[in-house]
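Enquirer: Structure in structure tokens, see below.
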Amino acid sequence: MAQSFGELLRSYRLAAGFGLRRFAAMVDLKASNLSDIEHGRRNPVDDPVKLSEITEALGLVDGSEECQRLYDAARRPGGLPPDLRHMADRQMVPALLRTIDNLQLDDAAISRLIEEIGSRAEGATHAG
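Okay, so the sequence shown: first residue is -18 according to the numbering used here, each after it adds one.
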């Protein structure tokens, strides 16, 4: 089972060696609010700017698996992770999602599609 946002945040905070009060001050949150988030009594942080501050304070590398896990865990049901919400306004994103849905691609097929897109992007970068 996937860890909740609060569980991930707490484990990353502890791994980075920060106490709750110190970390709360670093990211401009009340210690009580941070505790509530970590224990699931408050909703995850969903402001992309605040999440970026948190990941930076934790020393997480932008785009790393850990960083993506935290953003994904902050996603509200039926929504996009905070770091991707701006993508919903892109013209072709709905078409891409409808295509995936219409073809009934499973997670393995979507994973292969992601790898293919990444390979093509890398090839284009190296060619140019």
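All C-beta atoms in this analysis are idealised placements derived from N, C-alpha and C, irrespective of residue type, glycine included.
Predicted, not measured: the structure shown is a model, and the values here were computed from it.
Can you tell me where the alpha helix (DSSP H) with Asp17 in it begins and where it stops?
Expert: Counted from its first residue, the sequence shown places residue 17 at position 36. Its alpha helix (DSSP H) spans residues Ala12 to Glu19.
Enquirer: If we call anything under 7 Å between Cβ atoms a contact, is Val8 one with Ile35?
Expert: The residue you call residue 8 lines up with position 27 of the sequence shown. The residue you call residue 35 lines up with position 54 of the sequence shown. Yes, the Cβ-Cβ distance between Val8 and Ile35 is below 7 Å.
Enquirer: Quick one: what's got a C-beta closer than 6 Å to Asp64's C-beta in the same chain, skipping five residues either side?
Expert: Position 83 of the sequence shown holds residue 64. Correct list, in chain order: Pro29 and Tyr52.
Enquirer: Excluding the five sequence neighbours on either side, which residues of its own chain have a C-beta within less than 8 Å of the C-beta of Cys48, listed in chain order?
Expert: By one-based count along the sequence shown, residue 48 stands at place 67. For Cys48, where only same-chain residues beyond five positions count, the Cβ hits under 8 Å are Thr36, Leu41 and Val42.
Enquirer: Can you name, in chain order, every residue of its own chain whose Cβ lies under 7 Å from the Cβ of Glu19, other than the five neighbours on each side?
Expert: As a first step, residue 19 must be located in the sequence shown, where it is residue number 38. Same-chain partners within the cutoff: Gly(-13), Leu(-10) and Arg(-9).
Enquirer: Tell me which residue opens and which closes the alpha helix (DSSP H) that Ala6 is part of.
Expert: Here residue 6 is taken as the residue at index 25 of the sequence shown, counted from 1. Leu1 to Met7 is the span of the alpha helix (DSSP H), which, as asked, contains Ala6.
Enquirer: Asp68 by DSSP, collapsed to three states: which one?
Expert: Here residue 68 refers to the residue found at position 87 when the sequence shown is read from its first residue. It is Met, not Asp, that sits at residue 68 in the sequence shown. Of the three classes helix, strand and coil, the one that applies to Met68 here is helix, per DSSP.
Enquirer: Which same chain residues end up closer than 8 Å to Ala55 when comparing Cβ atoms and leaving out the 5 residues on each side of it in sequence?
Expert: Translated into positions along the sequence shown, residue 55 becomes position 74. The answer, listed in chain order, is Phe(-14), Pro25, Val26, Asp27, Leu32, Pro62 and Pro63.
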